[in-house]
């Protein structure tokens with residue numbers, strides 16, 4: 015937790031003082047071990063970043079006077095389109111990509127995505143938000159990513175994707191591709207990553223037809239978790 | 015398991031037939047669901063890659079006739095020097111970087127590495143090998159990475175590192191650095207990554223003095239797990 019993320023509900027008087035309990039209180043008290051007068055890096059969810067000066071701390075709550083003046087880091091202009099991974103992996107990936115600065119995520123169905131994954135509690139609104147918050151706290155950011163779900167692969171790719179990738183360079187991660195993922199690029203990008211086992215040929219063809227260029231990342235087949243981070247790293251300016 | 019990794023002990027008659035039990039048998043039978051006559055991608059640990067044709071499979075063993083002709087993928091010429099992470103994170107990182115093709119890893123002590131980490135069973139020879147094997151199986155590779163341990167930071171950095179980085183471009187991952195990590199580079203490289211919380215200024219200075227150039231990866235502070243993968247991705251040709 016490199017930044018304490020605040021929500022509007024934390025404020026106890028207009029815009030200056032917050033009172034925190036629970037997980038953040040525990041972290042501030044037990045990990046950061048702050049005393050009255052200490053300053054912490056804080057940020058308002060979807061808002062600005064600044065400092066919080068502790069004026070009360072006890073075994074239940076911590077109170078800070080906050081001043082929020084800086085903007086959060088610039089969002090990374092990469093849209094991530096990800097075949098829904100196994101729930102436990104999804105959790106880690108959401109935190110990873112949030113930490114990397116991604117703000118736009120599509121979780122999609124594809125042939126090798128087990129239908130049961132869609133019923134996982136990990137996809138619950140609060141569970142997803144928890145992972146985003148872990149990523150934001152890690153990266154000193156405040157802007158929540160937006161996640162969308164698309165259960166119909168074909169209609170998503172045919173009807174929605176061409177519009178979505180307009181103005182971006184669109185890549186499909188594919189171990190069989192002839193070109194490697196570009197190593198640096200400042201333009202906005204769209205990235206499509208398949209499920210464990212990969213997209214089936216039909217899906218790959220469809221993605222290509224819809225404007226995605228297939229690129230590989232060396233000869234090795236990477237775990238979803240690895241590939242997501244690795245390919246994003248190559249696309250970030 | 016995109017490749018079934020074989021060891022010399024698996025061979026039941028000179029160089030052609032193997033008999034597998036345990037984890038690999040279970041995977042072949044329950045996940046891959048192969049039948050007699052089916053072919054699988056196999057590789058000999060630290061050796062060649064090829065095909066295995068199943069000729070017997072029952073509820074205890076699977077027997078294959080193997081033919082090993084291809085070389086494993088080229089190693090990635092990046093040396094990873096990593097401040098020992100938390101044991102559970104180390105496990106995942108070892109599998110990640112092995113899958114990415116890294117063959118040379120140094121795990122080092124630094125100021126913010128908890129001494130207790132060095133006593134974790136995760137650092138046992140067999141446990142480390144298990145993670146490497148997961149990475150190799152994932153990436154269709156056979157060459158085990160080599161891991162070395164350095165408990166004396168200063169003497170490692172001052173006495174050994176200058177020699178180690180000779181002929182490579184050496185980078186230190188540092189959120190405060192002025193230059194970003196290079197996006198693509200075919201030359202051999204050395205990468206130093208700090209512990210959670212980062213290297214302390216003294217350590218950073220020492221690393222710089224010893225020939226490491228500090229580079230950042232955007233303004234965000236990444237988790238070790240994320241940073242390792244991301245920065246490696248930028249260095250891989």
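Chains as they are written, first to last, in the numbering used here: chain Z, 15 to 251; chain A, 15 to 251. Yeah, the Cβ is synthetic: ideal placement off N, Cα and C, and Gly gets one too. Everything numeric in this text was worked out from a predicted model, so none of it was measured.
- At least one CB atom of chain A sits nearer than 9 Å to the CB of residue 240 of chain Z.
- Our two residues, residue 55 of chain Z and residue 66 of chain Z, have alpha carbons roughly 6 Å apart in a direct line.
- Under the Cβ distance rule, residue 246 of chain Z counts among the residues neighbouring chain A, one pair being separated by less than 9 Å.
- The beta carbon of residue 186 of chain A is closer than 6 Å to those of 206, 221, 226, 228 in its chain, skipping five residues each way along the sequence.
- Taking C-beta atoms as the reference points, residue 80 of chain Z and residue 32 of chain Z count as a pair closer than 9 Å.
- By the Cβ rule, the region 169–176 of chain Z does not count as touching the region 80–94 of chain Z, because fewer than three pairs are nearer than 8 Å.
- Residue state for residue 54 of chain A is assigned as strand, using DSSP reduced to three classes.
- Taking the C-beta atoms as reference points, residue 78 of chain A is found nearer than 9 Å to residue 34 of chain A.
- With contacts defined as CB atoms closer than 9 Å, residue 71 of chain Z and residue 50 of chain Z qualify as a contacting pair.
- Secondary structure note for residue 159 of chain Z: it is in no beta strand (DSSP E), with a DSSP letter that is neither H nor E.
- Close CB contacts of residue 24 of chain A within its chain, under the 7 Å cut and outside five residues either way in sequence, are with 32, 33, 34 (chain order).
- With contact defined as three or more Cβ pairs closer than 8 Å, the region 122–138 of chain A and the region 94–104 of chain A are in contact.
- Taking residue 59 of chain A as the centre and dropping the five residues before and after it, the same chain places the C-beta of 19, 20, 21, 156, 158 closer than 7 Å to its C-beta, in chain order.
- Around residue 110 of chain Z, the beta-carbon contacts reaching into chain A at under 7 Å are 240.
- Within a 10 Å sphere around the beta-carbon of residue 28 of chain Z sit fewer than 16 other beta-carbons, which makes this residue exposed.
- Taking 8 Å as the Cβ-Cβ cut-off, the region 163–187 of chain A has no residue approaching chain Z.
- Ranking Z/141, Z/150, Z/52, Z/133 by CA distance to the CA of residue 116 of chain Z puts Z/150 first.
- For residue 77 of chain Z, the pairing in a beta bridge is given by DSSP as Z/33, Z/70.
- Judged by DSSP secondary structure, residue 41 of chain A falls outside any beta strand (DSSP E); it is assigned neither H nor E.
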